[in-house]
Amino acid sequence: MGSNMAEAHPVGFQWVVEARERGAKVIHADPRFTRTSAIADLHVPIRAGSDIAFLGGIVNYILQNGREFREYVQAYTNARTIVSDDFRDTEDLDGIFSGLDREGRAYDRGSWQYKGMEVQPAGGGEFTVEKAEGEQAHGAHGGELSEGEPPYEDPTLEDPRCVFQLLKKHYARYTPEMVERICGVPREASLEVAESLCENSGRERTSAFVYSVGWTQHSVGVQYIRTAAIIQLLLGNIGRPGGGIMALRGHASIQGSTDIPTLFNILPGYLPMPQAEAESSLDAYVDSNASPTGFWGNTRAYLVSFLKAWWGEAARYENEFCFDYLPRIDPDHSHYRTVVDMEDNKLEGYFVMGENPAVGSANAKLQRLALAKLKWLVVRDLVEIETATFWMDAPEIETGELATEEIGTEVFLMPAASHTEKDGSFTNTQRLLQWHHKAVEPEDDCRSELWFMYHLGRRVREKLAGSERERDRPILDLTWEYPTVGPDEEPDAEAVLAEIGGFDAEDEPLHDYLPLRDDGSTACGCWIYAGCYADRVNQTARRVPGREQSWVAPEWAWAWPMNRRILYNRASADPEGRPWSERKRYVWWDAEAGRWTGEDIPDFVADMAPDYVPEEGATAQRGLRGDEPFIMQGDGRAWLFAPSGIVDGPLPAHYEPHESPFENPLYAQQANPVREEYRRPDNPYNPTFPEPGWDVYPYVMTTYRLTEHHTAGGMSRTLPFLAELQPEFFCEVSPELAAERGLEHRGWATIVSSRTAIEARVLVTGRIKPLAIGDRVVHQVGLPYHWGHRGITTGDSANDLFPFALDPNVHIQEVKAATCDIRPGRRPRGPALPEFVARVRREAEER
Amino acid sequence: MSAHLIATPSAATYGEEAKPRKGFFTDTSVCIGCKACEVACKEWNHVPPDPQGFSGSSLDNSGELGANRWRHVAFIEQKVSVGIEEAAPESFVEEAARQNLVEEGLDPHSDEDGFRWLMSSDVCKHCTEAGCLDACPTGALFRTEFGTVVVQPDICNGCGYCVVSCPFGVIDQRKGDGRVWKCTMCYDRLKDDMEPAGAQACPTDSIQYGDLEELRERAARRVERLHERGRGEARLYGDSEDDGVGGFGAFFLLLDEPETYRLPADPVVPTRRSPEVWAAALGAAAALIGGVAASFLGRRP
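Chains as they are written, first to last, in the working numbering: chain A, 188 to 1034; chain W, 548 to 848.
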C-alpha cells in the first residue's frame, strides 16, 4: 500500500515476483491499477488519502474476531499497560485526543502517558508544547521510563484502561461498512484483505507490508505507518523472517541520508540535534534524551564518541567533548519553513545538492519565487536543472510574475559526478550498506559531493586559519584530514567510512557499538554504523554470492546495526527463547552455551537469558528483562499505543486530507488538528468539504512516478532513450470522468487548484476507477510529477498544483491527496494564467 | 532436412566454432513492463533515439519493433469493470463509449469484476527458417555459430527484400540510411560469453537467455506449473518446430491469443510457399510456350 513498487522500484520488485512464484499472495491497495497491480493477486482500488480507515478496518477485524497472535501481543507489546486516567481518546472527544491546544495547533502529551509514570521519547527527544512548531519525532525510537517497568498492568488484557482494550474500543467504529463509505472499497474486498493477512500470520506464517511515499506524503502520514505497525504487532509480524514493514525510499541511499542525516533536527544515528536553550550542556542533553533502560541508556557514549569523531583531540572531558560546538535548533528549519523564510527575505544563501525543488517540491511556484529572493544559490547536479535556471526560464518569467533583470540571485552551478564516477556507499531500505566503486573518471569539472564538501571545508579552514575568534573554533578544530588521491585530489571515501565505523582507544576499528564509551576513549561517526569497517576491511563492499552462504546472506554487504538483517529478532522466539515454530525459526536461546544464537546475529544482549530479571537500579540494556525484545524502548516492548514520540496522537485516527471533497464520517474532527499549515496569499488553499466553494475543486488528485523517469526528472528527461518512452506529461483519468468533463483521449486537459493551473495530455484508462463514497462518486486524477520546462521532454510540473500542508511529525508535504478541477483544453498562457487561476479562486469564494 | 537442423549451425559450416543454438524465452507472466530491456538494448547496440510522441496507447509510446527499436514492450489493457453500477450513472459509461474515449481492447460494459494488464517484451524471433535470411541476395544476413540471424551492416545494400519476407514485420529499413537493422541477440556479447543486454537488464527474469533446447524444456515446465496453479490461459508461442517458421529462436509464454499482443497467430515463412509459386509460374510458362508453339504451328505455310 502507498507504493507502486513495480514501477518505482522495479529491481527490488523482482523479489516480490519471486515470492509470488513461491506461493505468496500479493495484494495491492492503491488508487490506480498500476504495473504493480498487474502482477498482484488482488488489486483493491482505494480513495487517495483514506488508508488509515482501510488499515483501521483491518485492526478492527483482527480484534473483533480474536485473530491477534495472543502470546506475542501479551508478551512483547504494551497491550497490557494501563494508560493514565487523564487520557481521553477520539472516542470520548469526537475525533481529538486529550491535550489539544487548538490555537497553538499542538498537543500537550502529558495525559497520553502510562498510568503512574512519565514516558518520554529517547533518541529523538521532542519539544515541549511551547515549542510545538518544531518537532523531533523522526527517528524517535525509544521511551524513557523514569521508574523502570510500567507500574500498572493487566496481563489478561481485560482492564478497560489497558492499551489492548483502548485499542479495541478506538477501532470498533472502523467497520467494513465504514471502510466502504470512506475508502470506496467494497466490504467484501476489505474483508478479503483482512482475512488474507490473518490467515498468513501467526506461529507458522508471516506477512509483510511494503509502503513508500504514497503513505508518507500526507498531512497525517506518520500515522499511516503507525497503523500498519499496529497490525503487524497484533499479528506477530515484527522481528520475524518474512514479516516487517518495508519503507521503500525515493532515491538510492535516502535511508543513508536519514542515518547520516541531511535533516535539520537529528545528528548521525538518530541522536537529536540539541535544542537551543533546554539542552545547553552535555548533561542536560543526556538528561532529556537518554533513557534509563534500553539501549538508549547509552546515549552519552554514542554522543561523546560522535563528538570525538568530529573534533578529535580538541574534544576533551574538560570541554564536554566540544558539545558546545554543535549547532542548536530553535525550532523549525525544515524544507518548507526554509522556503517561506526565503520568500520573506530571511535567507541569503542556499545549497541545493541532488534535489530539484523548482520541480519536485509542493507549490513549486512559491519555491521558484523564493529562489529569486536569495543573494546566492549553489546548485550541484548532473545537468542544468530547473532550480539552477529559474532566473531565466521559470514559468513565472512568461507570466510576468518574475523578471530576469530584477532577480539578484547569483547562481553557482557546480557539475556533479555520477555514482559511476565516484566511490561510496548506498544504504537501502533494509539498512544494507552497499559499496560502489568508481568505474570511470568524472569528466571535466564534474566532482563528487565528497570532493566538493571536503575542499569547501578545506578552503574555509584556510581562510579562517589563525583566527582567534571563538565562533571559528568548531570549524578549525574539525578532524578534516582525509587522504586524497589523483590529480583532482579526490578524498578517499573509505577513510570517511572508517571514521563513521569508529575506532577504539588503540585506534583499531570497532567491531560493533557495544564498546562505545562516554569517556572519550572511543570515536565513532555514527554509532549504528559501528563495525562497517571492522578489521580494516570495507565490510560494505562484500559481495559473496547467495549460493555460497546461508540464506540470510550475512556476507553480502553490511547491515546496520552489527550486520543484523532483521531488527528486534529476539521476537522470533517465544518468551522462553524457543522459536515460535520450526518453520519460522530464526533466533533462539541456546541454554547449554548460555547464548542467543540462530540464523542471524541476535538483536539482544548475547548472554541475557530469557528468564533474566534486572536488579533494582540496573540501567540501559541490563535494565530490561530477558523476555523483552524491543530493546530500544524503555519498557522493552513494542508500542501499540505510543505515549510519546508522535505529536499528533497516541493512536492513529482517520482524518480527511487537508483538502478533501468529503466529510469525515468517523468524527466531527475533519482533518488532522495539528497538521502544519501556511496560510498566506502565496500558498492559498482550496475550500475543503463542506466549506462553500469546495465543489469548484471537486476531484481528488494524486502524484506518482513512472518507471521511465526519475523523480524531478533531471536524470531522465535529459536522456533520449528514457525521454522517448514517456515523451509528454500526461494525466490519467477514468472514462467516466472524461465523459463528465468532456476530456478527449490524447487531447489536452487543464488541471487547476488555488495555486496554479497546469496542462497535460489526457490518458483515458480503465485503470482508474471512479469510486462510490457514500452516496457520491469520487473521480481521481493521476499526475506523474516528473516534468519541468527543461530537458528533451518538457511539460508542466504536477507539484505546482499542491499546497504547503504538512505532516506535523516530519514536515512532509501532502502531495498524495488534494483537490482540483479538470477542464478540457490547454491552459491560458502568459499573464492570462494567474488571472485564470484567480478567477477560479474567486468563483469558489463567491459560492 | 528437419527444421531443427536448419538452424543448428552445422559442423560443416562452423566446424569447431559451432555452438549450441542460443535463444530467448520471454515469460510474459512475470513481465512488469519496466522497459529496461528497451533501454539496455539501445544503449548497448547504439540504436538511435526514435521519439514518437505521446501515443495514448496505455503506457506504450514506442509503438512497435523497427530499425530503431529492437526490443519493444507491448501493453494491453483488458476487461475493465466499472463495478459501481449503483453509484455511477450509467450515462457516464455510455457517454464514454459513445465518444470513443475507451481504448481499443477495453470493454467498459464487462460484468466481469477484474482488470488485466498484459505486458510483453517483443523481439526478433530468430526463426529456424528465417524469411529474411532466405531473401537476402547479398549475404548481409547470415546464420551465426549460435544459430541466430544477424545483419552485417557493412554488406547490406538496402534492397529491402528481407523486409517483406519477415512474417512478423520485425526487420526494417532505417530512414536516411537505407540499410536494414534488427536484433542481433547481442552477437558481440555472445561471442564474449555474455548474456544479451535485454536479458541481463530484465529485473524479473521475464527475458531468459540460454541454450534453446534447455529453454524449451524450462518453458514447458513453466506452462505446466502455471496450469497447475489454475492459470489455464498460459500458452507457449513459437516453441514448436512444426510451425510455419520451424520454431522461433526467441519464443514466448503468453497469457492470451498471439493476436492480442499483435503477433501473427500462424506465421509462415514466405519461402515455404516457394514451390507452389514456382509450380504456378512454371505452369503458366508452359502454357505460354505451348500457345506460342501452337501459333507457329498454325502458321505453317
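C-beta: ideal position from N, C-alpha, C; glycine also.
The C-beta distance from residue 737 (chain A) to residue 815 (chain A) rounds to 27 angstroms, too long to fall under 8 angstroms, and the pair is not in contact.
DSSP places residue 529 (chain A) inside the alpha helix (DSSP H), whose first and last residues are 522-530. Under the Cβ distance rule, residue 582 (chain W) counts among the residues neighbouring chain A, one pair being separated by less than 8 angstroms. By alpha-carbon distance to residue 603 (chain A), the top candidate from A:584, A:636, A:580, A:593 is A:636. Identification of chain W residues near residue 198 (chain A) by a Cβ-Cβ cut-off of 7 angstroms yields 750, ordered along the chain. Between residue 728 (chain A) and residue 622 (chain A), the CB-CB gap stays under 8 angstroms. The residue from A:630, A:609, A:618, A:638 with its alpha-carbon nearest to that of residue 624 (chain A) is A:609. Taking 7 angstroms as the Cβ-Cβ cut-off, the segment 193-220 of chain A approaches chain W at 193, 197, 198, 200, 201, 204, 220, given in chain order. Under the rule that a run must span 3 or more residues, the beta strand (DSSP E) segments found entirely inside the segment 375-457 of chain A read 396-398, 432-434.
Membership of residue 230 (chain A) in the beta strand (DSSP E) is indicated by the continuous run 229-232. Looking at the backbone, the Cα of residue 384 (chain A) and that of residue 840 (chain A) are separated by about 21 angstroms.
Listed in chain order, the non-local C-beta contacts of residue 870 (chain A) below 7 angstroms within the same chain comprise 550, 553, 990, 991, local neighbours out to five positions each way being set aside. Per DSSP, the unbroken alpha helix (DSSP H) holding residue 922 (chain A) starts and ends at 922-928. In the three-state DSSP reduction, residue 593 (chain A) falls in the helix class (H, G or I). In this structure, the CA atom of residue 723 (chain W) is about 29 angstroms from the CA atom of residue 737 (chain W).
For residue 690 (chain A), DSSP records a beta bridge to A:696, A:710. Across the segment 586-601 of chain W, CB contacts with chain A closer than 8 angstroms involve 586, 589, 590, 596, 597, 598, 599, 600, 601, in sequence order along the chain. Along the segment 917-940 of chain A, going in chain order, the ones with a CB nearer than 7 angstroms to a CB of chain W are 917, 922, 923, 925, 926, 927, 932, 933.
Residue 217 (chain A) is bridged by DSSP to A:232.
Residue 395 (chain A) is a Cβ neighbour of residue 429 (chain A), given a cutoff of 8 angstroms.
With 16 or more other Cβ atoms inside 10 Å of its own Cβ, residue 410 (chain A) counts as buried.
Within 10 angstroms of the beta-carbon of residue 196 (chain A) lie 16 or more other beta-carbons, which makes it buried. Closest by C-alpha distance to residue 495 (chain A), out of A:866, A:1000, A:708, A:873, is A:708. With contacts defined by Cβ atoms closer than 8 angstroms, residue 489 (chain A) and residue 620 (chain A) do not form a contacting pair. Using a Cβ-Cβ cut-off of 8 angstroms, residue 639 (chain A) does not count as an interface residue toward chain W, since no Cβ of chain W sits closer than that to its own.
Among the residues of chain W, those whose CB is under 9 angstroms from the CB of residue 894 (chain A) are 579, 580, 581, 582, 583, 606, following chain order. Residues of chain A whose Cβ lies closer than 9 angstroms to the Cβ of residue 617 (chain W) do not exist; the shortest such Cβ separation is about 12 angstroms. In the three-state reduction of the DSSP assignment, residue 609 (chain W) falls in the coil class, being assigned neither a helical nor a strand state. Taking the Cα of residue 575 (chain A) as reference, the smallest distance to any Cα among A:585, A:809, A:561 is reached at A:561. Of all residues in the segment 723-742 of chain W, none is placed with a Cβ closer than 8 angstroms to any Cβ belonging to chain A. Inclusion of residue 235 (chain A) and residue 887 (chain A) in the CB contact set at 8 angstroms is warranted, their separation being smaller than that value. Residue 757 (chain W): not part of any alpha helix (DSSP H); member of the beta strand (DSSP E) spanning 754-758, first to last residue.
When Cβ pairs closer than 8 angstroms are counted between the two stretches, the segment 922-931 of chain A is seen to touch the segment 954-967 of chain A, the count reaching three or more. Taking 3 residues as the minimum length, the beta strand (DSSP E) runs contained wholly in the segment 852-937 of chain A are 886-891, 917-920, in order along the chain.
One thing to note: residue 561 (chain W) has its Cβ no nearer than 8 angstroms to the Cβ of residue 667 (chain W). Per DSSP, residue 664 (chain W) is one residue of the beta strand (DSSP E) stretching across 663-670.
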